[in-house]
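Scroll down for the structure; my scribbles are underneath it.
Numbering (our numbering), first residue to last: 1029 to 1351.
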């Protein structure tokens, strides 16, 4: 009996020693800040999205449902409106797994769904297409030209055997990091998990978080079907973690129809958003401060925050006054 008791204590100790980042919560409703514009300071405009666990935008939120704060001080007067994003471009990196396991129908279905997604984007949006297998390759650099993008997708063929998932995500994020004129997103499609140790998933996640770039992950095929014998819990947790920790969503597509629906949900999230306008309470001194958006009108309060900076006060001196 004593041996069993000691064994039980040992198990409990091992559980408590598991790092926190090994715990994965179910994804609930998410708020994601997309952009802060204070070019007409003190007037400030925040664009953000709210979507449920299925990736469907939460609509019809009112002023009473939203709270804006700067450095934890609540803004008293705000104006909220729902808008379709036609005001500024989106920069999107699409990462498509073309390793050996995607051979045949899976890759063809992925290509058709990706093209449908591209054709749904605004004319001002720019997309870059990566493929990844044993290595990461650029199929098409950033462009607004949908014909070029569709041709690039059509040209994707199976190559390699491994899946350098983390490296692909990191490189896609690095390119997006240089884009500052609009919103930035990374869309990742794979049928498996990372099989390379050159980049840790946390490195990619940290880069995404620091730059407010949400990762939208799509797990495609039997590895992501929890009723399949091939279900891979580790692969599911990895993609889920990518998305939850960066303000994106993780979607599972078991077949082509699911794949197109997943891309459709991402397209809806990119286009439907909220716009909040208010006057900043921060001094015009160039200092950085934290802006927080809280959504209260749901089952629980959800939040997202972003760093912003007020402009430096310009001082004009007329030299003639001193002559």
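Glycine included, C-beta positions come from ideal geometry on N, C-alpha and C. Please read these numbers as outputs of a predicted model, since none were measured by experiment.
Please report the residue range of the alpha helix (DSSP H) in which residue i lies.
{"i": "residue 1277", "result": "Unbroken run through residue 1277: none, as it is neither H nor E."}
{"i": "residue 1112", "result": "That residue, residue 1112, is in no alpha helix (DSSP H); its beta strand (DSSP E) goes 1107-1112."}
{"i": "residue 1333", "result": "Unbroken run through residue 1333 is the beta strand (DSSP E), 1330-1337; no alpha helix (DSSP H)."}
{"i": "residue 1060", "result": "From DSSP, residue 1060 is part of no alpha helix (DSSP H) but of the beta strand (DSSP E) over 1058-1065."}
{"i": "residue 1176", "result": "1174-1182"}
{"i": "residue 1136", "result": "1133-1147"}
State the Cα-Cα distance for the pair residue i and residue j, rounded to the nearest angstrom.
{"i": "residue 1079", "j": "residue 1296", "result": "10 Å"}
{"i": "residue 1335", "j": "residue 1132", "result": "45 Å"}
{"i": "residue 1050", "j": "residue 1165", "result": "With a pLDDT of only 26 at residue 1050, under 50, the local geometry of the prediction cannot be trusted, and the value read off the model is given with reservation. Cα-Cα distance, rounded: 30 Å."}
{"i": "residue 1324", "j": "residue 1091", "result": "10 Å"}
{"i": "residue 1186", "j": "residue 1278", "result": "24 Å"}
{"i": "residue 1309", "j": "residue 1300", "result": "28 Å"}
{"i": "residue 1057", "j": "residue 1312", "result": "35 Å"}
{"i": "residue 1242", "j": "residue 1162", "result": "25 Å"}
{"i": "residue 1265", "j": "residue 1138", "result": "21 Å"}
{"i": "residue 1179", "j": "residue 1260", "result": "33 Å"}
{"i": "residue 1167", "j": "residue 1315", "result": "41 Å"}
{"i": "residue 1337", "j": "residue 1111", "result": "25 Å"}
Is it true that the CB of residue j sits closer than 8 Å to the CB of residue i?
{"i": "residue 1127", "j": "residue 1190", "result": "yes"}
{"i": "residue 1195", "j": "residue 1224", "result": "yes"}
{"i": "residue 1210", "j": "residue 1116", "result": "yes"}
{"i": "residue 1217", "j": "residue 1246", "result": "yes"}
{"i": "residue 1352", "j": "residue 1214", "result": "The requested residue 1352 is not part of the displayed model; the chain covers only 1029 to 1351."}
{"i": "residue 1071", "j": "residue 1303", "result": "no"}
{"i": "residue 1332", "j": "residue 1060", "result": "yes"}
{"i": "residue 1062", "j": "residue 1077", "result": "yes"}
{"i": "residue 1074", "j": "residue 1319", "result": "yes"}
{"i": "residue 1253", "j": "residue 1282", "result": "yes"}
{"i": "residue 1293", "j": "residue 1084", "result": "yes"}
Buried or exposed: which applies to residue i, given that a residue is buried once 16 or more other Cβ atoms fall within 10 Å of its Cβ?
{"i": "residue 1169", "result": "exposed"}
{"i": "residue 1206", "result": "exposed"}
{"i": "residue 1339", "result": "exposed"}
{"i": "residue 1146", "result": "buried"}
{"i": "residue 1053", "result": "At residue 1053 the pLDDT is 32, less than 50, meaning the model places this residue with poor confidence and gives no usable figure here."}
{"i": "residue 1154", "result": "buried"}
{"i": "residue 1104", "result": "exposed"}
{"i": "residue 1268", "result": "buried"}
{"i": "residue 1142", "result": "buried"}
{"i": "residue 1114", "result": "exposed"}
{"i": "residue 1285", "result": "exposed"}
{"i": "residue 1257", "result": "exposed"}
{"i": "residue 1173", "result": "exposed"}
{"i": "residue 1087", "result": "exposed"}
{"i": "residue 1238", "result": "exposed"}
So, with DSSP's three-state summary, where would you put residue i?
{"i": "residue 1270", "result": "helix"}
{"i": "residue 1290", "result": "helix"}
{"i": "residue 1053", "result": "Reliability of the predicted coordinates at residue 1053 is poor, the pLDDT of 32 falling under 50, and no value is obtained from them."}
{"i": "residue 1259", "result": "coil"}
{"i": "residue 1193", "result": "helix"}
{"i": "residue 1156", "result": "strand"}
{"i": "residue 1170", "result": "strand"}
{"i": "residue 1264", "result": "helix"}
{"i": "residue 1091", "result": "helix"}
Could you pull the start and end residues of the beta strand (DSSP E) that residue i belongs to?
{"i": "residue 1306", "result": "1300-1307"}
{"i": "residue 1217", "result": "1211-1218"}
{"i": "residue 1326", "result": "Per DSSP, residue 1326 belongs to no beta strand (DSSP E) and is neither H nor E."}
{"i": "residue 1243", "result": "1243-1248"}
{"i": "residue 1103", "result": "Residue 1103 -> no beta strand (DSSP E), and no H or E assigned at all."}
{"i": "residue 1125", "result": "1118-1125"}
{"i": "residue 1185", "result": "Taken as a continuous stretch (DSSP letters only), residue 1185 belongs to no beta strand (DSSP E), as it is neither H nor E."}
{"i": "residue 1071", "result": "1071-1079"}
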